[in-house]
Structure formats: C-alpha cells, structure tokens
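Engineer: Here it is: the structure, laid out below.
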Amino acid sequence: LSSYNKKNKLRNFDGLKKEKSVVIFPHSLNDNPHRFRSMLFPDFYEQVLFILKNSEDFKKINWYYKPHPNETKEMLIHHKKITKKFSNVIILNQNISNKFLLELKPKFIITNHGTIAHEFAYMNIPAICTGDNPHINYDFCFTPKNRKELKNTINKFIKRKIDFKINKNQIYEFMYLHYEYFPN
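Here the sequence shown is numbered in the working numbering, starting from 1 and rising by one per residue.
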C-alpha cells in the first residue's frame, strides 16, 4: 500500500492548522541507527527526544509525529509514551497518507535517512536529515554536522531565515542513481 494512498485520510484533517506545522518522521526505535557512516545521535530514541525537547521552544507550531508505516505494535507503544510528554506534539496514525501531510504544507520535515526526504523535497518542502543519508551530496536536503547546527537549522526554518529553492534535476539524478543505476 502506498504511503501516498488517498484512502488513509486523517479524519479530523480539516481542523488541523495548515500554515504552521512541522512533520517528524522517526525511524523505528529498534532499527539500525548507524546504517550509514554517521549520525548525530547514538540511536533513534535519543534523536526523537532531542527533536521533541527542542519543539517546546516553538509552542505556536504544530509538531506532527508520524511513526514509520512498518513500525511494530510494541514499538508504537514506545512512540506514544515518548510523545505523550510533549503537549505540542500530535502523534499520527502510522498509516496516514503522506498525500494529506503534504496538504499541511509543513515548514519542513525531519528524518534521519528516510526516502521521505527526497519525496517531500520534490514537493518543495525542506527536509532536515539528522545523520548521513543517501541524499547527503545534494542541496535538496539539509544535513547538519552537529546538534547545535541542527537546532539552529530548525530555528531558521521556523523563522523563515533560510531561502529554500529546489533544483528538481538534482532529485531526478538522485532517483536515477539510487533506484536504477547502482542497483543494476
């Protein structure tokens, strides 16, 4: 089932504030955090805690948290426990369609190395990656070098101090190399 399927619509979607939102796309908490060369955090739990703690500095922003579609029921319990501590964070169903999240027009999204980075960048929504990722050599994603830079990048995007323009040719090149050239 595509994560852009029309059937997985959020029931109260029309009531959500669309102009001031950020979407966090956490990886599975028990997944391999160091799949690539490096990451700003020892694991995805620490990554999520850092992001959520920093979200408290921006109470006027809706922080949406969408667990990975393949997350286990057991791990979903942990995601719910973590987000429950942060009143400004709205945890979403893991199967909600990304098509409807695009309609929120978030200021940016956060992931570590997810495909969501180039998918949302293609739709002119900035992606911040918290570690090494397949997109690292392209300008359509931001990959801060340390936690301080991550916090500053989040702050700049919220305050619209980063001019973000997508060169879609970079995304086409990435997709060709990543999905066609190297695998074959």
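We put the beta carbon where it would ideally sit given N, CA and C, even for glycine.
All of these numbers come straight from a predicted model, not from anything done at the bench.
Let me know if residue 183 comes out buried or exposed under the rule of 16 or more other beta-carbons within 10 Å of its beta-carbon.
Structural biologist: The residue is exposed, with fewer than 16 neighbouring Cβ atoms inside 10 Å.
Engineer: CA-CA distance, residue 180 and residue 123?
Structural biologist: Those two C-alpha atoms are separated by around 21 Å.
Engineer: Measuring only the C-alpha atoms, how far is residue 81 from residue 67?
Structural biologist: So the alpha carbons of these two residues sit roughly 12 Å apart.
Engineer: From 69, 56, 36, pick the residue whose C-alpha is nearest to that of residue 27; which is it?
Structural biologist: Nearest C-alpha to residue 27: 69.
Engineer: Is residue 8 helix, strand or coil by DSSP?
Structural biologist: Low per-residue confidence applies at residue 8: pLDDT is 49, beneath 50, and the placement is therefore not dependable, though the value from the model is reported in the following sentence. Three-state DSSP puts residue 8 in coil, outside helix and strand.
Engineer: For residue 59 and residue 137, I'd like the C-alpha separation in whole angstroms.
Structural biologist: Between residue 59 and residue 137, the C-alpha separation is close to 33 Å.
Engineer: Give, in chain order, every unbroken run of the beta strand (DSSP E) that is at least 3 residues long and sits entirely within the stretch 100-128.
Structural biologist: Listed in chain order, they are 108-111.
Engineer: What whole-angstrom Cβ distance do residue 190 and residue 139 have, given they're in contact under 8 Å?
Structural biologist: Outside the shown range of the chain, which is 1 to 184, sits residue 190, and nothing can be said about it.
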